[in-house]
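Have a look at the structure below, then the notes.
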Amino acid sequence: MSEITLAKFSVCEDRQSIIEFGTSCEHVMTDKNSDKLHKGCNITWNRCYRLAAQFLGLLCVVLLAAIIMLYVENKRLKTNYKHDERTEYLLSNALATARDQHQVRFNNLSLENEQLENNYRIIQVSYSSCVEERDLLQNITVNITKGKHQLRSLISNLVKDKDKLRILSNNLTREKDQSETRYNAIAEQRDQIQNWCNNIKDEKYWLQTVNSHLSEERNILLIITANVSREKILLQALISNLVKDKDKLKILSSNLTRDKDQCETRYKAMAEQRDKIQNWYSNTTEEKVRLQALTSNLTEERDKLTTERNKLQLEKGGLQKALSNFGWKYFKSSMYSISTVKMNWTVGRQHCIKSEADLVVINSKEEMVFVKLDKNATIKKTLVPPDTCKIIFQIFVHGLISNLGAWLGLTDTVNEGVWKWVDSKELTTSYWMKGQPNNGGRNGDDDCGVIIFGKTALQSWNDSPCNYFSYVICEKSLSL
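Letter by letter, the sequence shown follows residues 1 to 480 of the UniProt record's numbering.
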């Protein structure tokens with residue numbers, strides 16, 4: 001009986017219509033007019049059915065629109081959150097990469113500074129040699145002294161540059177800490193957004209539950225409609241019981257009034273829930289604007305770091321150019337130098353070791369092409385202005401005549417036929433000339449590898465006696 005009462009309150013909200021229906025039925029009972037009773041009841045119940053159908057249709061449309069809006073907004077927020085999270089990840093990686101590059105560059109400059117100090121000691125030795133020959137080069141001795149002062153000035157400038165790089169490294173460390181702080185703040189905001197999304201899912205489930213309850217009430221209403229039809233037939237057959245039915249209708253009217261009040265209470269609760277959803281949507285929009293501003297700031301910071309990286313690359317080019325003036329050339333984390341005089345393989349290796357280097361080891365095709373010298377080039381002898389006493393032979397990657405060669409860090413003196421590099425690694429990829437190695441010396445002692453400049457890059461190696469005199473290619477690795 002309570003389920004029937006609840007369904008009837010949802011169908012008919014017009015209390016006055018029920019009262020009029022009771023009055024009409026009482027009047028008809030008095031007049032013994034069954035036709036009027038039948039017609040009045042039909043009109044009243046038809047009005048109730050129409051009102052109930054309109055109310056349920058409107059309520060379903062409103063709920064469907066609210067669910068669709070919440071689903072679309074939730075999907076859009078998830079997409080924006082994923083995009084912001086990936087942008088933050090890319091920026092963090094770019095910042096870490098830039099920091100590592102600056103650290104490597106700082107370490108490389110430290111090594112380069114030590115090399116410059118070694119070069120300075122070599123120049124002092126050359127100066128002592130010039131003093132011993134002062135009978136022939138008395139005038140040039142003064143120029144050597146001036147050149148020494150210039151080198152000292154250059155070293156002093158490099159030391160200052162090293163200090164600047166140290167300051168730059170400290171600044172980058174502070175920027176890294178600031179970036180980590182910003183990253184933690186963004187992570188907290190991400191967790192808050194995730195919590196909001198979970199709340200939206202819970203509210204969506206609640207609305208689906210309410211919709212399910214309304215569907216159940218609609219089914220109950222249909223059952224009640226069938227019951228009312230049967231009751232109408234019973235009323236026509238049992239006119240004598242109208243007095244009792246009138247009392248029942250009064251009780252039913254009271255129940256409907258109470259159910260109507262309950263419906264209004266639930267409607268107010270749903271309105272409050274709607275206001276909460278609207279407030280949440282407003283707060284989410286403000287948070288999105290704040291995240292967009294933060295993304296813009298991160299983009300500006302990335303652009304600043306890119307500009308700083310370009311400046312550092314220009315400084316690197318300048319330092320490489322300065323190193324070339326001391327006879328060294330940079331290629332893929334290594335520095336290369338070719339001697340200005342010929343010497344045998346053993347002496348040549350000692351010469352490289354004194355410079356904290358060793359005879360060149362070819363590890364790749366690209367390095368082979370770099371070290372190979374063009375056959376049409378010539379030895380470039382460049383005199384430094386008349387204030388120096390020494391002729392500096394600047395022999396570059398593309399700069400030796402075709403009938404010259406240079407020692408490689410390659411030998412089979414330990415085990416004949418088993419060629420190894422000076423770093424004890426066995427030879428795996430070779431670039432021998434056709435028919436080489438043939439151990440074709442007078443005593444079968446072609447035990448050292450030499451590169452012939454006039455040959456093609458990938459077929460330019462020859463085996464020669466280690467006591468022959470050739471130029472020496474030194475390699476110094478700058479890898480950490």
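For glycine and all other residues, C-beta sits at the position ideal for the given N, C-alpha and C.
Whole-angstrom C-beta distance between residue j and residue i, which should lie under 8 Å
i: P437; j: D446; result: 7 Å
i: I123; j: K148; result: 6 Å
i: S110; j: K162; result: 7 Å
i: E367; j: N118; result: Rounded, the Cβ-Cβ distance is 23 Å, inconsistent with contact.
i: C474; j: V360; result: 7 Å
i: S477; j: S333; result: 7 Å
i: K201; j: L95; result: Not really, about 35 Å apart at Cβ, beyond 8 Å.
i: I452; j: N462; result: 6 Å
Cα-Cα separation, residue i to residue j
i: L172; j: D84; result: 24 Å
i: V369; j: A457; result: 6 Å
i: K420; j: S430; result: 11 Å
i: S126; j: T340; result: 13 Å
i: R152; j: L116; result: 10 Å
i: Y336; j: M433; result: 23 Å
i: Q292; j: L91; result: 15 Å
i: K204; j: I220; result: 25 Å
i: T378; j: G317; result: Model confidence at T378 stands at a pLDDT of 31, short of 50, so the residue's coordinates are unreliable and nothing is read from them.
i: K260; j: T209; result: 21 Å
i: T97; j: F331; result: 21 Å
i: E301; j: N93; result: 13 Å
i: Y281; j: A52; result: 32 Å
i: C157; j: Q150; result: Correcting the residue type first, residue 157 is Asn in the shown sequence and not Cys. When rounded, the distance between both Cα atoms is 11 Å.
i: E73; j: I233; result: 53 Å
i: R258; j: I43; result: 24 Å
i: V472; j: K82; result: 58 Å
i: W407; j: D358; result: 11 Å
i: W345; j: S364; result: 22 Å
i: E264; j: N255; result: 14 Å
i: Q262; j: S253; result: 14 Å
i: Y468; j: G409; result: 15 Å
i: Q278; j: E188; result: 24 Å
i: R309; j: K329; result: 22 Å
i: E132; j: R349; result: 27 Å
i: E231; j: K248; result: 13 Å
i: K276; j: R50; result: 32 Å
i: T145; j: N139; result: 11 Å
i: K455; j: I362; result: 17 Å
i: E286; j: L168; result: 38 Å
i: R99; j: L154; result: 28 Å
i: Q54; j: K246; result: 28 Å
i: T120; j: G327; result: Residue identity check: residue 120 is Tyr in the sequence provided, not Thr. So the two alpha carbons sit approximately 13 Å from each other.
i: T299; j: L319; result: 30 Å
i: T225; j: A237; result: 19 Å
i: N198; j: Q178; result: 31 Å
i: S464; j: E426; result: 18 Å
Check whether residue i and residue j have beta carbons under 8 Å apart
i: V450; j: G417; result: no
i: L312; j: H102; result: yes
i: T295; j: T79; result: no
i: residue 549; j: C466; result: Because the chain in this structure spans residues 1 to 480, residue 549 falls outside the shown range and cannot be described.
i: K354; j: S470; result: no
i: V159; j: N113; result: yes
i: R218; j: L64; result: no
i: A66; j: L207; result: yes
i: R166; j: F106; result: yes
i: V289; j: W45; result: no
i: C448; j: T411; result: yes
i: L70; j: T284; result: no
Secondary structure, beta strand (DSSP E): runs of 3+ residues fully inside the segment 293–354: Fully enclosed beta strand (DSSP E) runs of 3 or longer: 329–331, 334–338.
The segment 47–63 touching the segment 200–216, judged by at least three CB pairs closer than 8 Å: The segment 47–63, when compared against the segment 200–216, does touch it at the 8 Å Cβ threshold.
Three or more C-beta pairs below 8 Å linking the segment 183–190 and the segment 301–308: Contact fails: fewer than three Cβ-Cβ distances are below 8 Å.
Sequence ranges, alpha helix (DSSP H) only - wholly within the segment 85–109, length at least 4: Counting only runs of 4 or more, we get nothing.
Every unbroken beta strand (DSSP E) inside the segment 131–216 [3 residues or more]: Correct list: empty.
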